[in-house]
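For the sequence shown, the numbering used here gives the first residue as 287, with consecutive numbering after it.
We put the CB at the ideal spot given by N, CA and C, even for glycine.
The structure presented is a predicted model; accordingly, all values stated were derived computationally and were not measured.
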Amino acid sequence: MIRDEFLSIASHELRTPMTTLKLQSQILKKKISKSDDLNAHRVKMELIMNQIIEQVTSLNRLVEDMLDIARLRSGNFKIEVAEINLADLIHESVINLAEQVTLAGYPPLIIEITGNLKGRWDKMRIGQVITNILMNAIRYGKQKTIIIKAEELSVSVKNSIIDQGIGISEEDIERIFEKFERATSSNQSNGLGLGLFISKQIINAHKGKIWVESKLNEGSIFCFEIPKN
287 MIRDEFLSIA
297 SHELRTPMTT
307 LKLQSQILKK
317 KISKSDDLNA
327 HRVKMELIMN
337 QIIEQVTSLN
347 RLVEDMLDIA
357 RLRSGNFKIE
367 VAEINLADLI
377 HESVINLAEQ
387 VTLAGYPPLI
397 IEITGNLKGR
407 WDKMRIGQVI
417 TNILMNAIRY
427 GKQKTIIIKA
437 EELSVSVKNS
447 IIDQGIGISE
457 EDIERIFEKF
467 ERATSSNQSN
477 GLGLGLFISK
487 QIINAHKGKI
497 WVESKLNEGS
507 IFCFEIPKN
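Structure, rendered in structure tokens:
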């Protein structure tokens, strides 16, 4: 039953960006083949290319989410820890998303760092959590300023990502980290509803905790706390 539901959702979500990619590629091909002066269509072509890149990024995230679920089901979901600086990882994540932030109409993300944020964690996986939460903030943040705060606690570090977007209702907060769950309807957003579920598994594997504080129409604060060692 769960497998059938997963395949149904995955097929639907993969079909949408693939259809868009095909259409955009056909438009781009037509413009190139019929134009003697490509510079005359430069702005339109750049817009289409940006849309194609966005759809490819979306497809890649969907595939990675599906692979992670397969790893979780088979017991092959592992973390590889090493000494890293969470502050550096946050800055890297923000740089990687800078173009998407701009294209989505947001001001530059604000980063606030307090204390020593060094610890032993899986760099790729914690980066995945930060990116998942930031992508949600971009998707639902209503083009208002997004703030990333990270602070050193006594034996752990805490990361908070704050948006001023649509917020989450009290009943949705209870299920937001569950599999296939989203705070909005499938008509309002794409994705398998797996990003936060996978993020929770990653934080759990680091013996940490993840949670959200939110009110409908007042924005959200997604937090995670992980021990330094």
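Exclusion of the five residues before and after Asn336 leaves Leu389 as the residues of its chain whose Cβ lies within less than 7 Å of its Cβ. Excluding the 5 residues flanking it on each side, Glu366 has same chain C-beta neighbours closer than 7 Å at Asp408, in chain order. Taking Asp449 as the centre and dropping the five residues before and after it, the same chain places the C-beta of Ala423, Gly427, Ile432, Gly505 and Ser506 closer than 6 Å to its C-beta, in chain order. Fewer than three pairs of CB atoms, one per stretch, sit closer than 8 Å, so the stretch 413-421 makes no contact with the stretch 437-444.
Asp408 sits in coil when the DSSP states are folded into three classes, being neither helix nor strand.
When DSSP assignments are scanned along the stretch 403-462, the uninterrupted stretches of alpha helix (DSSP H) that are 4 or more residues long and fall wholly within it turn out to be 409-426 and 456-459. Going by DSSP, Ala373 is part of the alpha helix (DSSP H) stretching over Leu372 to Leu389. Straight through space, the alpha carbons of Phe508 and Lys501 are spaced by roughly 12 Å. Here Thr400 is bridged, per DSSP, to Glu437. For Phe510, the secondary structure class from DSSP, reduced to helix, strand or coil, is strand. DSSP, read as helix, strand or coil, puts Ile365 in coil. Looking at the DSSP output, Val498 sits in a beta bridge with Phe508. The residue among Ile370, Asn371, Leu372 and Pro394 with its C-alpha nearest the C-alpha of Ile381 is Pro394. A direct Cα-to-Cα measurement between Glu398 and Lys404 gives close to 15 Å.
Secondary structure of Glu332 (DSSP, three-state): helix.
Between Gly401 and Leu375 a beta carbon distance of about 15 Å is seen, past the 8 Å cut, so the two are scored as non-contacting. Residue state for Glu350 is assigned as helix, using DSSP reduced to three classes. With fewer than 16 other CB atoms across the displayed protein chains lying within 10 angstroms of its CB, Leu353 is exposed.
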